[in-house]
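Residue numbers (this note's numbering): 1 to 290. Beta carbons: idealized from backbone N, C-alpha and C, even for Gly. Every value quoted in this text rests on a predicted model; they were computed, and no experiment measured them. The structure appears below as structure tokens.
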Ligand SMILES: [Zn+2]
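In structure tokens form, the structure reads like this:
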């Protein structure tokens, strides 16, 4: 359950202010007969039993306000509106299998699960009271959903040697293909940690597209697809603004904040000691790494 923090409220307020401009831009494009088939990719993790009803309400909201697309960005269901949404879930948690998958299937909503191929059935990242889907559960999900790779062992790709990073990309692909009879075309970075080096390795490994947790553009022609993290505990207005693309400004805001911090450091090096950085790539990292 996400806490009420200043950062969460600031993002919500900023997105509320931006939303009228997004609506106006869409209306103008429609008026000029330039439909904007923009896709927002949303990303879930766990869905607890007590959150199932909230998750179901969120799915009904998507059906009412958006068109749901599959892993190839092809429209499948929903309101037939220009605005498109793809549902994804990271790690492949048992709680998602138990509480979210039935609600998705009941509504015929396509979705993508990014699985950790070498850790099926295990608990990861110190999470208690939940575990990853077993091989049988993942096979069951794959009957209706697309399964992508989330590495073999859920390690931070940017911290690995080129050999180890390649092994994570190739091994997970091979393991999932053997399990499901289909070679995964999509990949998503654990903790959303990536840099140009691991992106190039993913491309070399043969993936069609890679997904981050940064709310940037996504579409069939983008190799790097952005996503926005959502949660059943999101307030309805927060969820609505996220799925309508109103949280994109946060990427620029974080970049601006980092640039200002760097400028202050260069002006007053003694007062602004450099902080340790998780990723030496220099790429913008998400506000809430997962
Ligand atoms: Zn993950």
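Simplified DSSP state of residue i, which is helix, strand or coil
{"i": "residue 285", "result": "A caution first: residue 285 carries a pLDDT of 46, below 50, which makes its placement in the model unreliable, though a value can still be read off. Coil, per DSSP."}
{"i": "residue 20", "result": "helix"}
{"i": "residue 3", "result": "coil"}
{"i": "residue 229", "result": "strand"}
{"i": "residue 99", "result": "helix"}
{"i": "residue 124", "result": "coil"}
{"i": "residue 107", "result": "coil"}
{"i": "residue 163", "result": "helix"}
{"i": "residue 155", "result": "coil"}
{"i": "residue 218", "result": "coil"}
{"i": "residue 234", "result": "coil"}
CB-CB length for residue i against residue j, believed under 8 Å
{"i": "residue 148", "j": "residue 114", "result": "5 Å"}
{"i": "residue 42", "j": "residue 227", "result": "7 Å"}
{"i": "residue 198", "j": "residue 157", "result": "4 Å"}
{"i": "residue 15", "j": "residue 246", "result": "4 Å"}
{"i": "residue 210", "j": "residue 223", "result": "7 Å"}
{"i": "residue 47", "j": "residue 99", "result": "5 Å"}
Those residues which DSSP pairs with residue i across a bridge
{"i": "residue 147", "result": "113"}
{"i": "residue 132", "result": "93"}
{"i": "residue 224", "result": "210"}
is_contact[residue i, chain C] using C-beta, thresh 8 Å
{"i": "residue 49", "result": "No chain C appears in the structure shown, which is made up of a single protein chain."}
heavy atom of ligand 3 below 7 Å from residue i C-beta
{"i": "residue 234", "result": "No copy of ligand 3 appears in this structure; the ligands present are ligand 1."}
Problem set entry | beta strand (DSSP E) runs contained entirely in the region 28–93, provided each spans 3 or more residues | 39–44, 67–69, 75–78, 84–91
Problem set entry | Sequence ranges, alpha helix (DSSP H) only - wholly within the region 175–214, length at least 4 | 196–204
Exercise. Are three or more beta carbon pairs between the region 68–77 and the region 115–124 nearer than 8 Å?
Worked result: no
Problem set entry | Length at least 4, wholly inside the region 236–265: the alpha helix (DSSP H) runs in chain order | 236–243
Exercise. Would you say the region 84–95 touches the region 120–130, given that touching needs at least three Cβ pairs under 8 Å?
Worked result: yes
For this session: Answer yes if the region 167–181 comes into contact with the region 70–86, meaning at least three C-beta pairs across the two stretches below 8 Å, and no otherwise.
Result: no
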